[in-house]
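Visitor: So the protein sequences, as listed, match chains A and B.
Converting from the first sequence to my numbering requires adding 14 to each position, the first position being numbered 1.
Converting from the second sequence to my numbering requires adding 14 to each position, the first position being numbered 1.
2 protein chains.
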Amino acid sequence: MISTEEQILVAAKNVFHRSGYAGARMQEIADEAAINKAMLHYYYKNKQQLFRAVFMQAFGKLAPQLNAIFSGTEGIFEKIRWFTADYIDFVVENPYLPSFIIQELNNNPDFAVEFMSHDGKPNPQPFIDQLNKEIAAGTIRQINPKQVLLNIFALSAFPFVAPVMVKGLLNISEEEFEALMEERKTLIADQIIDSIKI
Amino acid sequence: MISTEEQILVAAKNVFHRSGYAGARMQEIADEAAINKAMLHYYYKNKQQLFRAVFMQAFGKLAPQLNAIFSGTEGIFEKIRWFTADYIDFVVENPYLPSFIIQELNNNPDFAVEFMSHDGKPNPQPFIDQLNKEIAAGTIRQINPKQVLLNIFALSAFPFVAPVMVKGLLNISEEEFEALMEERKTLIADQIIDSIKI
DNA sequence: GTCTATAGCCAGATAGAC
DNA sequence: GTCTATCTGGCTATAGAC
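#1: Could you pull out every residue in the same chain whose Cβ sits closer than 8 Å to the Cβ of Lys211 of chain B, ignoring the five residues on either side in sequence?
#2: Of all Cβ atoms in chain B, is any one closer than 9 Å to the Cβ of Phe167 of chain A?
#3: Taking 9 Å as the threshold (C-beta atoms), are His55 of chain A and Phe114 of chain A in contact?
#4: Please say whether Ala176 of chain A and Ile116 of chain B have beta carbons closer to each other than 9 Å?
#5: Which residues does DSSP list as the beta-bridge partners of Lys199 of chain A?
#6: Taking 6 Å as the limit between beta carbons, can you name the residues of its chain near Ile149 of chain A, skipping five residues before and five after?
#7: Using beta-carbon positions only, say whether Arg95 of chain A and Thr200 of chain A come within less than 9 Å of one another.
#8: Please state whether DSSP places Lys211 of chain B in a helix, a strand or coil.
#9: Verify the CB distance criterion: does Val175 of chain A have a CB-CB separation below 9 Å to chain B?
#10: Identify the continuous alpha helix (DSSP H) that holds Ile115 of chain A and give its terminal residues.
#11: Expressed to the nearest angstrom, what Euclidean distance is found between the alpha-carbon atoms of Leu194 of chain B and Asp45 of chain A?
#12: Pull up the CB-CB distance for Glu98 of chain B and Ser209 of chain B, whole angstroms please, since I reckon it's below 8 Å.
#13: Rounded C-beta distance between Met53 of chain B and Ile22 of chain B? I'm assuming under 8 Å.
#14: For a contact defined as C-beta to C-beta under 7 Å, what are the partners of Phe69 of chain B on chain A?
#15: One question on the structure: do Phe172 of chain B and Pro138 of chain B come within less than 9 Å of each other, judged by their Cβ atoms?
#16: The alpha helix (DSSP H) spanning Lys59 of chain B covers which residue range?
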């Protein structure tokens with residue numbers, strides 16, 4: 015059996031992920047949780063608090079994925095292969111998550127600031143240091159580490175941030191999209207490694 | 015002198031781009047246009063119509079950019095260099111545009127369908143055919159053309175779709191971000207070409 | 001065409017019974 | 001803890017004077 019509080023959080027997650035903060039309706043969340051509106055306010059003071067809980071939970075799931083690439087003792091190439099495959103696996107399971115987080119960060123500047131100073135904020139410095147060390151040692155090409163990092167995120171995340179756009183432009187079905195993502199799990203890493211190896 | 019109707023469209027563009035459809039307030043648009051709410055309804059029947067005008071104008075500006083890479087008689091490499099540089103120049107001038115379009119496509123499935131069947135819808139087939147021809151001729155590697163296309167979009171668009179996230183994660187200022195984008199105008203093309211050339 | 005004033009509705013939030 | 005009923009405020013939209 016699942017508690018009412020959890021029911022609400024699950025329902026709120028679904029609705030907020032689908033419609034964003036501004037588009038979400040408390041009634042819709044109540045319906046999805048099969049309770050009434052009053053209960054939402056019993057467990058969470060107001061819409062903002064409920065949203066905060068959902069957002070922080072979403073970000074809390076994503077942060078470890080990001081940190082996996084930033085920290086850790088593996089070699090660069092290994093790390094890249096590991097991250098890209100894991101990240102795609104993860105977002106296939108949580109398809110609304112990337113677009114939700116990015117949308118709300120863009121729309122709520124105040125919220126973004128709070129999020130950026132959060133404890134669990136991923137710190138890319140170790141990964142950048144690692145890249146710089148390899149560059150200095152001459153084991154990889156002289157490419158701006160921040161560009162490499164940005165490329166990794168862009169190639170991994172973009173299809174999940176803009177799924178409707180991607181499916182529409184490439185003129186593909188949901189099934190073809192999934193097959194494409196499966197193929198990307200190795201393809202992306204190959205390309206990034208190709209772009210930095212000597 | 016600029017007409018009231020245009021004033022409204024400019025103001026609506028700014029507000030919708032900032033806050034999205036659900037988050038935008040008619041009052042805010044009126045304020046930004048330095049008129050009153052009644053005028054909005056005089057020129058555009060309701061919020062949806064006003065939004066449609068803004069969205070179609072936005073998409074109408076982006077579509078030619080996309081078509082530039084799809085059609086045209088240039089060689090593959092030349093086309094890629096040309097597109098990536100042009101696209102980044104374009105979105106630097108229209109920073110809210112990519113995230114706006116993608117957000118609304120994600121949030122309004124009905125709207126997405128209408129947009130996908132629009133006349134001006136970009137058709138990637140010529141570009142895919144071109145890639146397939148080169149692959150058959152053995153002049154580029156055997157890579158799924160749709161993945162190549164997706165990579166081009168991902169690398170070009172992602173930083174502008176998720177600017178807050180990118181600046182936060184890379185821990186960079188607006189100025190550093192702009193410098194990074196300037197560098198990307200050639201860097202992205204190099205990487206994509208590297209990934210397909212023999 | 002442009003304004004003020006207001007209608008009408010809908011969403012978030014609360015009161016209070018059980 | 002859970003519900004029904006209701007309040008309150010804010011937002012879209014309109015009426016009507018000028």
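Note that the Cβ used here is the ideal one computed from N, Cα and C, for glycine as well.
These numbers were taken from a predicted model, which means no experiment stands behind them.
Guide: Based on what the coordinates show:
#1: Phe91, Ile154 and Arg155
#2: yes
#3: no
#4: yes
#5: DSSP, once it has assigned bridges, lists no residue as partnering Lys199 of chain A.
#6: Gln156
#7: yes
#8: If DSSP states are grouped into helix, strand and coil, Lys211 of chain B belongs with the strands.
#9: yes
#10: Leu111 to Asn121
#11: 46 Å
#12: First, the residue type needs correcting, since residue 98 of chain B is Thr and not Glu in the sequence shown. Actually they do not touch by this definition, with Cβ atoms about 13 Å apart.
#13: 7 Å
#14: Here the premise fails: no neighbours, minimum Cβ distance about 13 Å.
#15: no
#16: Careful: Lys59 of chain B lies outside any alpha helix (DSSP H) and carries neither H nor E.
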